[in-house]
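Before any comments, here is the structure.
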Amino acid sequence: MSALVVSELVVHFPGRHGPPVRAVDGVSLAVAPGETLGLVGESGCGKSTLSRAVVGLQAPTRGSVVVAGVEIAGANRRTLRAARAQMQMVFQDSATSLDPRMTVGEAIGEPLLVRRLAQGAALRERVAALLAEVGLRPEHASRYPHQFSGGQRQRIVIARALALRPALLVCDEPVSALDVSVRAQILNLLVALQRSHGMANLFVSHDLAVVRHVCDRVAVMYLGRLVELAPRDALYAAPRHPYTRALLLAVPEPDPAVQRAKPHVPLVGEIPSPARPPPGCRFHTRCPMAQAVCRVEEPVWRPVGDSMVACHFAEAV
Amino acid sequence: MNAALSVRDLTLTIGGASVVDGIGFDVGPGEVMALVGESGCGKSLTALAAMRLLPRAVTRARGVVELAGSDLYARPEREVRRLRGRKISMIFQEPLAALDPLASVGAQVAEATGLRGGAARQAVLAMLEEVGISDPTRRIAQYPFELSGGMAQRVMIATALVSRPDVLIADEPTTALDVTIQAQILDLLRRLAAGRGTAILLITHDMGVVADIADRVGVMYAGRIAETGRTEQVFARPRHPYTALLLAALPRLTDTPKSDLAVIAGQVPLPNHFPPGCRFADRCKLASDRCRAEQPPLRDMGEGQLAACWHAEQVG
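Line by line, the protein sequences are chains A and Z.
Take the position in the first sequence, starting the count at 1, then add 462; the result is the number in my numbering.
Take the position in the second sequence, starting the count at 1, then add 1072; the result is the number in my numbering.
Written out as structure tokens, the structure reads:
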């Protein structure tokens, strides 16, 4: 059974002076236990809205989100509260994710305490074990968030997320605010924890090198839609959608020899407004391969090789 | 070659602690020099010092900043203000915070020309065109809130360059931008440096950006330059353990997925706790007693590559 199944998910926000913002506009995906699915795309593509809808922080307009067998979309508070034990989220900014007035031990222990899963000495023991799992020491439990660096705070947030042994972890840009040396530590930790816990992970990021490093499969989002979903190696070696290919070429690689030998064909133009997505293929306004058909006919989501892709000309990419 | 911008022995202190310590580098006309390092390494303060725009809390204890051979700190403030924009300009990470929200695009860029009327308009339109803004006659009437991040960055670059300064300081100019827009802006900066002969000092935390457009690089750690040289050389054969570790800690499009990335143990020391010797010694596997006692100077490792490490020969 998949830990997460998202079907035809739609999240629209009412527009202030016009059509609604179609942040997520018909997305389907699934994540298996022990698997990490990367979700990549540029600002405004809807990846953060999707991840919030998955953990029930954003009510979907239509569609279904099933976490560990439980429907989240449209669920009442009671169902949602029970389901939250199965899904936890890690955000980019660890400083605002933690209550400054709670000790680290209280923060990590709170989910266990409110669900009456542990208290007293047993709770302290569980907190110490969770701190050890994320590479911190038991005595850190009595300190406050401001006494820690950004990387250590992100470890604390991860420990709290793991406290209830969730089936699904949703990480929204978990290392984007961290310096390179600290980022490597957190990425190593996330990979190791998934090996030991076997939870499913939806990993949202704009950084394609980070996503490649931690993910098994990767979904690429553009203007509220998936344009490609493929096993990691297939996606990076042979992208099937022109947008995926453009994204990969745009990543500046930390190797001057490789970087300077790459073809420099930056995508022209900017991402259109999600309130007024272009007709036909939403990417056609920026696509170097666009033909007449792309401007009128929305490409169907179809398998090409090992990948799922929405492009009329996927075979030619 | 005469340097367009030359920084010598720059030392900046906050409350007596040296946050930038003896930094020196040159940027030649048409050259892109990058200062790269993690948060708090002093790269942005170095950039502000080069503009003579240091915050009040920061003191320049030592050091010289020369624009085309003339000392920026030897002039009266009034004169320096005239040089900014004409001889040396700066762009920032958040273009929308740097642009005046109440001035149209045309007015922002025109103000920087020092011209009026038709001459100003001509200069503005030509500059907007040069930074890749399509339909500039329509754009000049727009206000910053109507611009996307990439477009706002182009407007800021146009404002910075319209008076043809010799030096452009770019502090994390693409950090807030999406990767496809970043590629456009980096291409633009590269083209401007080559085409106009502008010397660019690029401040960044991103080794990928350095690899893309910098001719030379200075890797900063805890207020000092750990290593400097031609970009290809430094990346191909780092001679400072910190540079080597930074490069090994990066996930790459070519690494083995889910393998352990190199980590740098410990944390950057705080400015009031800098050790007497090498500031990286506590985190370094090669560190010896000498490293902890005696500060390593930048040593020539050949072909202009300099490394501040007593054990540079053993790195790599």
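C-beta: ideal position from N, C-alpha, C; glycine also.
Quick caveat, the model's predicted, so the values are computed rather than measured.
Of all Cβ atoms in chain C, is any one closer than 8 angstroms to the Cβ of residue i?
i               : result
residue 1280(Z) : In summary, chain C is missing from the structure at hand, where the protein chains are A and Z.
Are there 16 or more other CB atoms within 10 angstroms of the CB of residue i, so buried, or fewer, so exposed?
i               : result
residue 1361(Z) : exposed
residue 634(A)  : buried
residue 616(A)  : buried
residue 1145(Z) : exposed
residue 768(A)  : exposed
residue 1217(Z) : exposed
residue 1387(Z) : buried
residue 470(A)  : exposed
residue 601(A)  : exposed
residue 1326(Z) : exposed
residue 758(A)  : exposed
residue 650(A)  : buried
Whose Cβ in chain A lies nearer than 7 angstroms to the Cβ of residue i?
i               : result
residue 1329(Z) : 674, 675 and 694
residue 1333(Z) : 646, 649 and 650
residue 1321(Z) : 642, 643 and 646
residue 1324(Z) : 671, 715 and 716
Taking the continuous alpha helix (DSSP H) assigned at residue i, which residues delimit it?
i               : result
residue 1256(Z) : 1251–1268
residue 474(A)  : That residue, residue 474(A), is in no alpha helix (DSSP H); its beta strand (DSSP E) goes 466–475.
residue 1328(Z) : From DSSP, residue 1328(Z) is part of no alpha helix (DSSP H); its letter is neither H nor E.
If we call anything under 8 angstroms between Cβ atoms a contact, is residue i one with residue j?
i               : j               : result
residue 512(A)  : residue 489(A)  : yes
residue 1121(Z) : residue 1163(Z) : no
residue 1110(Z) : residue 1345(Z) : no
residue 629(A)  : residue 494(A)  : no
residue 1303(Z) : residue 718(A)  : yes
residue 669(A)  : residue 638(A)  : yes
residue 664(A)  : residue 516(A)  : yes
residue 1340(Z) : residue 1108(Z) : no
residue 706(A)  : residue 690(A)  : yes
residue 1092(Z) : residue 1117(Z) : yes
residue 1272(Z) : residue 1104(Z) : yes
residue 1295(Z) : residue 1369(Z) : no
residue 673(A)  : residue 680(A)  : yes
Of the choices the options, whose alpha-carbon is the least far from that of residue i?
i               : options                               : result
residue 1285(Z) : 1181(Z), 1311(Z), 1363(Z) and 1254(Z) : 1254(Z)
residue 1157(Z) : 1131(Z), 1242(Z), 1219(Z) and 1184(Z) : 1184(Z)
residue 562(A)  : 672(A), 573(A) and 604(A)             : 604(A)
residue 1312(Z) : 1358(Z), 1326(Z) and 1283(Z)          : 1358(Z)
residue 507(A)  : 492(A), 717(A) and 473(A)             : 473(A)
residue 1114(Z) : 1089(Z), 1100(Z) and 1143(Z)          : 1089(Z)
residue 1134(Z) : 1229(Z), 1261(Z), 1222(Z) and 1086(Z) : 1086(Z)
residue 1335(Z) : 1341(Z), 1317(Z) and 1257(Z)          : 1317(Z)
residue 524(A)  : 716(A), 682(A), 468(A) and 601(A)     : 468(A)
residue 741(A)  : 716(A), 685(A), 713(A) and 727(A)     : 685(A)
residue 576(A)  : 552(A), 625(A) and 600(A)             : 625(A)
residue 697(A)  : 499(A), 483(A), 658(A) and 574(A)     : 499(A)
residue 1225(Z) : 1236(Z), 1238(Z), 1235(Z) and 1200(Z) : 1200(Z)
residue 723(A)  : 1101(Z), 1283(Z) and 1094(Z)          : 1283(Z)
residue 598(A)  : 570(A), 582(A) and 581(A)             : 570(A)
residue 643(A)  : 1243(Z), 1337(Z), 1240(Z) and 1172(Z) : 1337(Z)
residue 656(A)  : 672(A), 627(A), 680(A) and 729(A)     : 627(A)
residue 1150(Z) : 1100(Z), 1211(Z) and 1124(Z)          : 1124(Z)
Taking Cβ-Cβ distances shorter than 9 angstroms, what residues in chain A pair up with residue i?
i               : result
residue 1303(Z) : 718
residue 1166(Z) : What residue 1166(Z) touches in chain A: nothing, since even the nearest Cβ is about 14 angstroms away.
residue 1283(Z) : 714, 715, 716, 717, 718, 719, 720, 721 and 722
residue 1057(Z) : Summary: the structure shown does not reach residue 1057(Z), with chain Z confined to residues 1073 through 1388, and so no result is reported for it.
residue 1307(Z) : 716, 717, 718 and 719
Tell me the residue span of the beta strand (DSSP E) that contains residue i.
i               : result
residue 633(A)  : 630–634
residue 1246(Z) : That residue, residue 1246(Z), is in no beta strand (DSSP E); it is neither H nor E in DSSP.
residue 687(A)  : 687–693
residue 1284(Z) : It is not in any beta strand (DSSP E) - residue 1284(Z) instead sits in the alpha helix (DSSP H) that spans 1279–1285.
residue 1081(Z) : 1077–1086
residue 487(A)  : 483–493
residue 519(A)  : Unbroken run through residue 519(A): none, as it is neither H nor E.
residue 500(A)  : 498–502
Residue i versus chain Z: which residues are under 8 angstroms apart at the beta carbon?
i              : result
residue 732(A) : 1220, 1222, 1223 and 1253
residue 712(A) : 1251, 1252, 1254 and 1255
residue 746(A) : Under the 8 angstroms cutoff, chain Z gives no residues; its nearest Cβ is about 15 angstroms from residue 746(A).
residue 611(A) : 1339
Let me check you understand the geometry: is the CB of residue i closer than 7 angstroms to at least one non-hydrogen atom of the ligand COA?
i               : result
residue 1245(Z) : Because no ligand of any kind appears in the structure shown, any question about the ligand COA cannot be addressed here.
Chain Z partners of residue i, CB-CB under 9 angstroms?
i              : result
residue 576(A) : Those within 9 angstroms of residue 576(A) in chain Z number zero; the least Cβ separation is about 33 angstroms.
residue 581(A) : Near residue 581(A) there are no residues of chain Z at all, since even the closest Cβ is about 34 angstroms away, more than 9 angstroms.
residue 685(A) : Here the premise fails: no neighbours, minimum Cβ distance about 13 angstroms.
What residues of chain Z sit near residue i, judged by a beta carbon separation below 7 angstroms?
i              : result
residue 728(A) : 1252, 1255, 1256 and 1259
In chain A, which residues lie less than 8 angstroms from residue i when you measure between Cβ atoms?
i               : result
residue 1380(Z) : Near residue 1380(Z) there are no residues of chain A at all, since even the closest Cβ is about 18 angstroms away, more than 8 angstroms.
residue 1318(Z) : 642 and 643
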